[in-house]
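Just so you know, the sequences run in chain order S and X.
Numbering-wise, the first sequence is residues 1 to 447 according to the UniProt record's numbering.
Numbering-wise, the second sequence is residues 1 to 390 according to the UniProt record's numbering.
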Amino acid sequence: MPIDIKIKKGLTLKLKGEAENSIEQAQKSKTVALRPSNFHSLVPKMVLKEGAKLNAGDEVFFSKYSDKTRVVSPVSGTLREIKRGAKRKILSVIIEADDEMSYKDFGIMDPLKSDSSEVKDRIFSTGLGVFLNQRPYNIPAEAEDTPKAIYISAYDTAPLSADYEFILKDKAEFFQNGINALTKLTGGKVYLGVDKQSASFLKDIENVELITISGPHPAGNVGTLIHETEPMNRGERVWTINPEDVAIIGEQFKTGKYNAERTVVVTGSAAKHRKYFKTIIGAEVSSILKDHDDNSRIISGNVLTGEKIEEDGYINYFSNTLTVIPEGNEYRMFGWIPFKDNDIHSASKTSLSWLFPNKKYEVNTNLNGEERALVVTGEMEEMMPLDIMPMQLIKACMAGDIEKMENLGIYEVVPEDFALVEYTNTSKIEAQSIIRNGLDIMITEVG
Amino acid sequence: MNWIRQKIDQIKEPFEPGNKLEKYRPAINALDTFLFVPDHTTKKGAHIRDAVDLKRTMITVVLALIPALLFGMWNTGYQHFTQLGENPGILEAFLHGAYKVVPMIVVSYAVGLGLEFAFAIMRGHEVNEGYLVTGLLIPMIMPVDIPLWMVALSVIFAVLIGKEAFGGTGMNILNPALTARAFAYFAYPTYMSGNKVWVSEASNIDSISGETILGSLSANNEITYSSAEMLTGVIPGSIAETSVLCIAAGALILVLSKVGDWRIILSGILGAAAMALLLNALPSFGVEGNGMTNFAWYNHLIVGGFAFGIVFMATDPVSAAQTLRGKWVYGALIGVIAIIIRTLNPAYPEGIMLSILLLNVFAPTIDHYVIEGNIKKRKKRLETKTVKTA
């Protein structure tokens, strides 16, 4: 029997610009970029120099503080440029892709018939380890740890986000193999969250503890799954991983090749060709985004948590979604009058938008106000299904009060759990950044 | 619309960073943002934002105050003329009231917003909208004949000592509007209490006696008003506190728009009703009680400033308890203590002001215990876990 999770608090935003359910091979990305900033807190040490030739799967850089956390090249080609910023900090590593892809051969391994130390060693030594994220703190997993459980959410409830069922339907075998490998990494269970409504193959995946999810966003967040099954305590470690990355691991074990294929759904009202594209990790945005409105924002990820990128930039290492929405850099006359401009969604009842629960909204990036002191109470709680006191935790993070943060459950949350709080709060505070800063303080002070 | 925008941008130019009037930017921004929601966009994190902002929230409260304010203006005139034995028309009564009340509102806003702007410029932050509500509340809870300079002084005290001394909007411990009233109450008691201040011109014209119901009760006098009159509010009192019906309309706006927390309002009413019921029952325990304790519990709820206080003052989110459970306790205690002060303390015939201020002070303590509950749960989980693994 699967574990059933039903969430009441939260908000499912219905937005215009959904993608059609069809998939297409993307135009080949001439270059790919590996950006250390995609792996929070990782300080890269380069293995290769500019001009070096490499195969798909060759190590490019590793973490200065944990040499088993390695990032490998998703393509074969030439390391063209190491872009550096202030204090020679590495911003990105640009690799020019060959026309014909050649792979480094890692050999075949059956995870179920192998020792857990062999499986773990293989995952971390071949650069698959960076797919695993550690909770608390949302940072790359460390090879030395043994997590008490591993969580995968194959149901993204965020607005306009990718449908993992659709992405994985041709990769079911690899996905299962990846799960088999993951079971060797933990002494506990591997949890897989799926949409309760769907009758997909994901419900038949073996060697996992199945969780069926229903309710509004953030029901599908891994944080919600963890909280409802085995809530984090101080000193514990849990790993999380995205579903498509599980399939990449599975494929690498099965074929010996690191096939860094990334399926990205292009969505959002300002994007023209909205569908799924098969491309490669770290690909150029232009390889999948053909045409979009002027004055729009490109987000690698969903509208609540994604990363803002430029037209000539590269997609986020982890994200399966590329959202394009109009920029909101325009003035709106008397927009503060209650019950005016009801075409802009509001979770509060000072707009009439709540009368139309099924309406789809076209959103833009306008702040719809200015940042103010925290005045309104009670609204954050409505967006927080976890047993966390959101406003108190945010204030503790702002104050940098370590004891209070710990007491109020900082280990149980990551920034994305506060995305809806950030979206709805009247004072327009950047809740996710505040939580991220709080977590960073905990990393340096507590570790 | 575009040309208005261009004109404003032109006016704002000397205030932009790097130009000589940069310091006064918050002031000009505050004016500008009342015309236009600015073109600011999100930078990271959630790329989209809800339509609500603090301006909208505060204006909703102002909207909720309008019924009680308009009624209060009419009632001011009505009380004045009927006490003189005249029978005024609606317009006549309203105009008399407006003549008395509008200058108070103007003074309150001018002085208060002036201070807010000054602090925003001094501290280099944007002007917070909270005073839009406070500035309207202050005249609404004053006796009608209070001199304007006292209104101004109360406002200065409330903004300086009640709010800015604690760090400004969002940081204050006491409700600023009630701080203003408490200041006036203790600094100028003769203008704020007794039986000559509640009806316009009562102190100048002998034939007018404007005792409030609670005043008469505490003096053990007979009261001549019916429950229906208390409900509609055709009685003497502070400007906008009398009409429970108009306040209920405001409460409805606050609760439906979720700007005011229904938990506080409901628990406050329940708390007051329970306390009043208990006091009503005193005679059956063999205790005689007085006029105040024997005043029917339902009348306690609709007389004096109780309704206005619990709807518009107790729900101020900054000074109230901030946790959901804390709000229940906070509201209930306000109700209970308001009735206790009313009935058992002969010096103060009305207790809601002091009751809310008292609970404002204790709200952080209430929250502390609610938060401790959450913390203990987490600690317990860790302990059971450690015991299991050990």
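Every residue gets a Cβ at the ideal spot worked out from N, C-alpha and C, and that includes glycine.
query, result
"Ile3 of chain S - partner residues in DSSP beta bridges", "S:Ile211"
"Closer than 7 Å at the beta carbon, the chain S residues around Leu256 of chain X", "Lys349"
"Within-8 Å CB hit, Gln392 of chain S to chain X", "yes"
"Closest by C-alpha distance to Val119 of chain S, when choosing among S:Lys254, S:Asn364, S:Ile434, S:Glu430", "S:Lys254"
"C-beta contact flag for residue 391 of chain X and Gln79 of chain X at 8 Å", "The shown model of chain X, from 1 to 390, leaves out residue 391 of chain X, and the question about it has no answer."
"Contact list for Lys308 of chain S against chain X, beta-carbon separation under 8 Å", "Lys43, Lys44, His47"
"Sub-8 Å separation of Lys68 of chain S and Lys45 of chain S beta-carbons", "no"
"Sub-8 Å separation of Ala260 of chain S and Ile281 of chain S beta-carbons", "yes"
"Local Cβ density within 10 Å of Asp58 of chain S, reported as buried at 16 or more and exposed below that", "buried"
"Cβ shell of Pro14 of chain X (< 7 Å), same chain only, five flanking positions each side left out", "Lys20, Leu21"
"Segment limits, beta strand (DSSP E) that includes Trp239 of chain S", "238-240"
"Burial state of Arg35 of chain S, where buried means 16 or more other Cβ atoms lie within 10 Å", "buried"
"Simplified DSSP state of Lys327 of chain X, which is helix, strand or coil", "helix"
"Pro26 of chain X versus Phe308 of chain X: straight-line alpha-carbon distance, rounded", "33 Å"
"C-alpha distance - Leu91 of chain S paired with Gly85 of chain S, whole-angstrom precision", "6 Å"
"Collapsed DSSP secondary structure at residue 479 of chain S in the structure displayed", "What the structure shows of chain S is the stretch from 1 to 447, and residue 479 of chain S is not part of that stretch, so it cannot be assessed."
"Between the CA atoms of Leu192 of chain S and Val159 of chain X - distance to the nearest angstrom", "55 Å"
"Identity of the residues DSSP links to Val93 of chain S by a beta bridge", "S:Leu34, S:Ile82"
"6 Å CB neighbourhood of Ile247 of chain X in its chain, flanking five on each side removed", "Ala68, Ala307, Phe308, Val311"
"Chain-ordered residues of the segment 204-231 of chain S with a beta carbon less than 7 Å from chain X", "Pro231"
"Inter-residue spacing [alpha-carbon to alpha-carbon] between Gln392 of chain S and Gly373 of chain X", "13 Å"
"Option nearest Pro2 of chain S by Cα separation, candidates S:Ser348, S:Ile211, S:Asp343, S:Gly328", "S:Ile211"
"Under 8 Å between C-beta atoms of Asn242 of chain S and Ile375 of chain X", "no"
"Residue-chain proximity (Asn21 of chain S, chain X), Cβ-Cβ < 8 Å", "no"
"Alpha-carbon to alpha-carbon, Thr186 of chain S and Gln176 of chain S", "16 Å"
"Cβ of Ile371 of chain X within 8 Å of any chain S Cβ", "yes"
"Test item: CB-CB of Ile341 of chain X and Tyr348 of chain X under 8 Å", "yes"
"Below-8 Å beta-carbon distance, Glu164 of chain X vs any chain S residue", "no"
"DSSP beta-bridge partners of Gly77 of chain S", "S:Leu54, S:Ala97"
"Where the segment 271-305 of chain S meets chain X: residues whose CB sits under 8 Å from a CB there", "Arg297, Ile299, Val303, Leu304, Thr305"
"Contacts of Met389 of chain S in chain B (Cβ-Cβ under 8 Å)", "This model lacks chain B altogether; the protein chains it does include are S and X."
"Of the listed residues S:Val130, S:Asn329, S:Pro338, nearest to Ser73 of chain S (C-alpha basis)", "S:Val130"
"Interface flag, Met333 of chain S vs chain X, CB-CB below 8 Å", "yes"
"Alpha carbon of Ala272 of chain X to alpha carbon of Tyr298 of chain X, nearest angstrom", "9 Å"
"Host beta strand (DSSP E) of Glu69 of chain X (start-end)", "Looking at the sequence shown, residue 69 of chain X is not Glu but Leu. Leu69 of chain X -> not in any beta strand (DSSP E); alpha helix (DSSP H) instead, spanning 54-83."
"Counterpart residues of Glu284 of chain S in DSSP-defined beta bridges", "S:Tyr314"
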